[in-house]
Every structure is written in structure tokens, then in C-alpha cells.
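Colleague:
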Ligand SMILES: Nc1ncnc2c1ncn2[C@@H]1O[C@H](COP(=O)(O)OP(=O)(O)OP(=O)(O)O)[C@@H](O)[C@H]1O
Ligand SMILES: [Mg+2]
């Protein structure tokens, strides 16, 4: 961090330690707008070293980023404190834009003269993910309840149709060509029934039964079957498991369903010649898993595919029950997955680039 020496003598080590450890980017400028301080969180956020940045002008640092330029300008030239909390993104050279909020304020000397400005930037990406999870969960619970009620009503007449088709089959002679139609009727009724049962569970799921679950084992088993299903597709499955991950507490059959949905989606996104990579690792930071909950160490399970990707305008809709772009899809896979993750106090992050592929990261708490 630059400029440690220029801090006041009294308590200077305490000040610099705070600046070194705080998780907000703190950047100070002199009255000409040149950088005098760039703390480690700023280095991480901007992906630049403090040595690189020392003495650089803020207009170079925030090139083409109007809001950030404006904030520093107001603090420096109008001596006002100013905050921007609304939809601000930090653009960086080799990384994706980061949702942030930013605060800028003038710095005064003991004599009351202005001597530059300070800007504090906070990374909101984790909070945004959490909000996304909660928003999707909300929508799901309303839709789930409504649809499950409707599904219940549909199930009874369906039973009648199936029974009638079976009776009809019995009445028809063996060689009668109409027999084929009755078989189709029974098969299709069974298919609707299956979808409806899935939906009813979404609205009124069984209580998860928690036990210790070996993630590597269930992922191995799922991939074994998916490899088989992808035989004609030339899809490579790569597994990279961190062996130090302890068993997580979860409902094994629900977790199998979750990862099966995600890995199946990854496989289905690849028309031919692609790769699905499944990786587990302990997350580098603690996550808050919900409002009012304690933050906990997490394990990240990443499922990455080199498939068709998801268009930006479809990103929010993929979690809506029945949203599907597949001919034979039910569109319930991700809605159910989202619910399972929520039951495990987990988080789901989706990153996707059309024509390049999709990465789904499930984060599960290691401690409950
Ligand atoms: N890995 C992925 N790559 C590209 N698109 C995806 C991926 N995962 C999900 N999607 C999109 O999200 C939609 C919804 O997925 P979801 O799993 O809920 O339903 P589905 O896969 O269509 O049907 P089902 O899961 O019942 O077979 C998919 O139809 C697809 O358009
Ligand atoms: Mg699916």
C-alpha cells in the first residue's frame, strides 16, 4: 500500500493496518487528482498494484466511467461528500464489470484546508447474488403454490382418462389397429402425471432429511450415468475434486436431484464436441447465506459447459417453472434445483456467454 509513511505519527500503524485489512477499496487523491493511497482491497478490486497506480491521475484510473469520475470531481472541486448506490458498475480491463457502490469525500488538513479526496468502493457482487437467490425463491414459492393447487385438480380427471383408455384397450381385439392409440393415450397420461407430481412437490416439498453427504461420491455416480447418455455426443466430462472437502450436511436424494439437473442441463447445452467440467473447492471467503444468518465457510461446486450459453434476456426466466427452450423439456429442472439449494441454505450463481458456455456455481455451507 502506498503512502503509509505520510500518515500521521500517532496511531499510524493502526490506521494503516485498518486500511490494509478493510474489505472496501480505499483510494485517496491529492488536490490535483493524483493517487496518493491505494489499499489492498483497491488492488484486488481494480486488479492493479498500488505501485502501478501511485501518482496516476484519477481520470486515467476511471477512464470512460462517468459516474466514478463525477464522484471524484465533486469531492475534489466542490468539496462535497457524494454517494452512488444505484446500479453502478466498475469496468476493469480484463475482467467482467462488477456491481459496486461508491462514496467520495473531501479530505481536510488539521487547519481546515482541503487536501485532496478519498473514494471508498464496495464490491456488491455477493450481495447481488444473494438478492437474486431470494428474488427467485420468492417468485417460486408463489408460482409453486398456485400451480400445485391447479395440478391437484388436474390429477383426478387424468386418472379417469387413463382408466378409460385401459378399459378401451381391453375391449378392443388384439389385432385391432386402434390398440396403438390407447397405448399412446396411457403413455402420454403418465407423462403428464410425472410432470404434475414434480410440480406438486415444488409447491409442497417434503421436509429434507439431513445427514452427512459425500459430494465427490454423488457427483461421480451422476457423471457415470451422464457419460453413458452422452455417448453419441462426443462430450468430455472432467472432474476436479478437492480431496480436503469434508462431507456436507444435506439431504442426499435432493442433492443428487440438484446436481443431476444441472449436469444434465450442461450436457444438453452441448450439441456435439464439448466439455463439461465439474469442480469442487472450498470457497475463499465466507458467505452470508441469508438475512439474519451467520456467515459460514462454503464449498463451491462448479459445473461448467462449453455449450450454447444463455441469452441475457433469458437469464432471469430460466428459473421460472415451465420455462424451457427444449422440445422435450419440462422447464422444471432449475426451479426444483433452486428450491433444493434454498432448503440447504445455499446459493446459486449463473454466468453464461451465448455460444461459449455456461458456468453454474452452487455454494453450500460447510457448517449448519
Ligand atoms: N447449462 C445450460 N446451458 C444453456 N442453457 C441452459 C443451461 N441450463 C439451463 N438452460 C436453459 O434454461 C432452461 C430451463 O432449464 P430447466 O432445467 O429448468 O428446464 P429444461 O432443462 O428445459 O427441462 P427439464 O429440466 O425438465 O429437462 C432450459 O430450457 C435452457 O434454455
Ligand atoms: Mg433441465
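Residue numbers (my numbering): 11 to 378.
Note that CB positions come from ideal geometry on N, CA and C, so glycine has one too.
Please report the distance separating the alpha-carbon of residue 134 from that of residue 111.
Modeller: Against the chain shown, residue 134 aligns to sequence position 124. Against the chain shown, residue 111 aligns to sequence position 101. About 7 Å.
Colleague: Contact defined as beta carbons within less than 8 Å: I believe residue 118 pairs with residue 109. What is the distance between those atoms, to the nearest angstrom?
Modeller: Along the chain shown, one-based indexing puts residue 118 at 108. Along the chain shown, one-based indexing puts residue 109 at 99. 31 Å between Cβ atoms; not a contact.
Colleague: List the endpoints of the continuous alpha helix (DSSP H) containing residue 133.
Modeller: Counting from one through the chain shown, the residue named residue 133 turns up at place 123. Where residue 133 is concerned, there is no enclosing alpha helix (DSSP H), although the beta strand (DSSP E) around it starts and stops at 124-133.
Colleague: Secondary structure at residue 311, three-state DSSP: helix, strand or coil?
Modeller: Reading the chain shown from its first residue, position 301 is the one you call residue 311. Three-state result, residue 311: strand.
Colleague: Just list the beta strand (DSSP E) runs in the region 63-118, keeping only unbroken ones of 3 residues or longer that don't cross its boundaries, in chain order.
Modeller: For the region 63-118, whole beta strand (DSSP E) runs of length 3 or above, ordered along the chain, are 92-100, 108-118.
Colleague: Which residues count as close to ligand 2 when the rule is a CB under 7 Å from any of its heavy atoms, in chain order?
Modeller: 271, 274, 275, 278, 339, 343, 344
Colleague: Suppose the cutoff is 6 Å on Cβ atoms and the five residues either side in sequence are ignored; what does the same chain contact list for residue 107 look like?
Modeller: Here residue 107 corresponds to residue number 97 of the chain shown, with the count starting at 1. Sequence-distant partners of residue 107 (beyond 5 residues in either direction) whose C-beta falls short of 6 Å from its own C-beta, in its chain, are 99, 101.
Colleague: Measuring CB atoms only, is the region 112-131 touching the region 68-88, in the sense that at least three cross pairs come out at less than 8 Å?
Modeller: yes
Colleague: Go ahead and pull the three-state DSSP assignment for residue 267.
Modeller: On the chain shown, position 257 is the one that residue 267 refers to. It is helical.
Colleague: State the Cα-Cα distance for the pair residue 163 and residue 143, rounded to the nearest angstrom.
Modeller: As a position in the chain shown, residue 163 is number 153, starting the count at 1. As a position in the chain shown, residue 143 is number 133, starting the count at 1. Computed Cα separation, rounded: 30 Å.
Colleague: Helix, strand or coil for residue 50 per DSSP?
Modeller: Taking the first residue of the chain shown as 1, we reach residue 50 at position 40. In the structure shown, residue 50 sits in a helix (DSSP, three-state: H, G or I).
Colleague: How far does the alpha helix (DSSP H) with residue 316 in it reach, from first residue to last?
Modeller: In the chain shown, residue 316 corresponds to position 306, counting from 1. Segment: none, residue 316 is in no alpha helix (DSSP H) and carries neither H nor E.
Colleague: Buried or exposed, going by whether 16 or more other CB atoms sit within 10 Å of the CB of residue 229?
Modeller: In the chain shown, the residue the question calls residue 229 occupies position 219. Under this definition residue 229 is a buried residue.
Colleague: Check whether the Cβ of residue 315 sits closer than 7 Å to any heavy atom of ligand 1, and report yes or no.
Modeller: To locate residue 315, count along the chain shown from 1; it is residue 305. Answer for residue 315: yes, Cβ within range of ligand 1.
Colleague: When we look at the beta-carbon of residue 19 and count the other beta-carbons within 10 Å, is it buried (16 or more) or exposed?
Modeller: Taking the first residue of the chain shown as 1, we reach residue 19 at position 9. Confidence is the limiting factor: at residue 19 the pLDDT is only 46, short of 50, which leaves the residue's position unreliable, though a coordinate-based value still follows. So residue 19 ends up on the exposed side.
Colleague: What is the C-beta distance between residue 236 and residue 273, in whole angstroms, given that I count them as a contact (C-beta under 8 Å)?
Modeller: Taking the first residue of the chain shown as position 1, residue 236 is located at position 226. Taking the first residue of the chain shown as position 1, residue 273 is located at position 263. Yes, residue 236 and residue 273 are in contact; Cβ-Cβ is about 5 Å, under 8 Å.
Colleague: Rounded to the nearest angstrom, how far is the Cβ of residue 285 from that of residue 245, given a contact under 8 Å?
Modeller: In the chain shown, residue 285 corresponds to position 275, counting from 1. In the chain shown, residue 245 corresponds to position 235, counting from 1. 7 Å between Cβ atoms; contact.
Colleague: Do three or more CB pairs link the region 314-324 to the region 359-376 at distances below 8 Å?
Modeller: yes
Colleague: Please report the straight-line C-alpha distance between residue 89 and residue 76, rounded to a whole angstrom.
Modeller: Walking along the chain shown from the start, residue 89 turns up at place 79. Walking along the chain shown from the start, residue 76 turns up at place 66. Distance between the alpha carbons of residue 89 and residue 76 is about 18 Å.
Colleague: What three-state label does DSSP hand residue 358 in the structure shown?
Modeller: Residue 358 sits at position 348 when you count from the first residue of the chain shown. Looking at residue 358 - three-state DSSP - the assignment turns out to be strand.
Colleague: Per DSSP, residue 39 forms a beta bridge with which residues?
Modeller: Start at 1 with the first residue of the chain shown, and residue 39 comes out as number 29. According to DSSP, residue pairing for residue 39 in a beta bridge involves 45, 127.
Colleague: Cβ of residue 165 within 7 Å of any heavy atom in ligand 1?
Modeller: By one-based count along the chain shown, residue 165 stands at place 155. No.
Colleague: Could you tell me how far apart the beta carbons of residue 32 and residue 47 are, in whole angstroms, since I believe they sit closer than 8 Å?
Modeller: Position 22 of the chain shown, counted from the start, is the residue given in the question as residue 32. Position 37 of the chain shown, counted from the start, is the residue given in the question as residue 47. Incorrect: roughly 12 Å between the Cβ atoms, too far for contact.
Colleague: What is the residue span of the beta strand (DSSP E) that residue 187 lies within?
Modeller: Residue 187 sits at position 177 when you count from the first residue of the chain shown. Taken as a continuous stretch (DSSP letters only), residue 187 belongs to no beta strand (DSSP E), as it is neither H nor E.
Colleague: Nearest to residue 253 by CA position, among 267, 277, 309, 204, is which residue?
Modeller: Position 243 of the chain shown, counting from 1, holds the residue named residue 253. Answer by Cα proximity: 309.
Colleague: Tell me, which residues are paired with residue 260 by DSSP?
Modeller: In the chain shown, the residue the question calls residue 260 occupies position 250. DSSP output for residue 260 lists 221 as bridge partner(s).
Colleague: Determine the DSSP secondary structure at residue 306, reduced to helix, strand or coil.
Modeller: Counted from its first residue, the chain shown places residue 306 at position 296. Residue 306: strand per DSSP, three-state reduction.
Colleague: Report yes if the C-beta distance between residue 137 and residue 34 is below 8 Å; otherwise report no.
Modeller: As a first step, residue 137 must be located in the chain shown, where it is residue number 127. As a first step, residue 34 must be located in the chain shown, where it is residue number 24. Result no, Cβ atoms of residue 137 and residue 34 do not sit closer than 8 Å.
Colleague: State the beta-bridge partners of residue 56 as determined by DSSP.
Modeller: In the chain shown, the residue the question calls residue 56 occupies position 46. The partner list for residue 56 (beta bridge, DSSP) is empty, contrary to what the question assumes.
Colleague: Taking the alpha-carbon of residue 25 as reference, which of 49, 332, 222, 306 has the nearest alpha-carbon?
Modeller: If you number the chain shown from 1, residue 25 lands on position 15. Answer by Cα proximity: 49.
Colleague: Looking at residue 307 and residue 261, is the spacing between their C-beta atoms short of 8 Å?
Modeller: On the chain shown, position 251 is the one that residue 261 refers to. On the chain shown, position 297 is the one that residue 307 refers to. No, they are not a contact pair.
Colleague: Could you give the distance in angstroms between the alpha-carbon of residue 271 and the alpha-carbon of residue 365?
Modeller: Counting from one through the chain shown, the residue named residue 271 turns up at place 261. Counting from one through the chain shown, the residue named residue 365 turns up at place 355. Approximately 21 Å, taken between the alpha carbons.
Colleague: Helix, strand or coil for residue 216 per DSSP?
Modeller: The residue given as residue 216 occupies position 206 in the chain shown. Reduced to three states, the DSSP call for residue 216 is coil.
Colleague: How far does the beta strand (DSSP E) with residue 371 in it reach, from first residue to last?
Modeller: For the purposes of this step, residue 371 is identified with residue 361 of the chain shown, where counting begins at 1. From DSSP, the beta strand (DSSP E) with residue 371 extends over 367-375.
Colleague: If you reduce the DSSP assignment to three classes, tell me which class residue 288 lands in.
Modeller: In the chain shown, counting from the first residue as 1, residue 288 sits at position 278. It is a strand residue.
Colleague: Label residue 122 either buried or exposed according to how many other C-beta atoms from any shown protein chain fall within 10 Å of its C-beta, with 16 as the threshold for buried.
Modeller: Locating residue 122 in the chain shown gives position 112, where the first residue counts as 1. With fewer than 16 other Cβ atoms within 10 Å, it is exposed.
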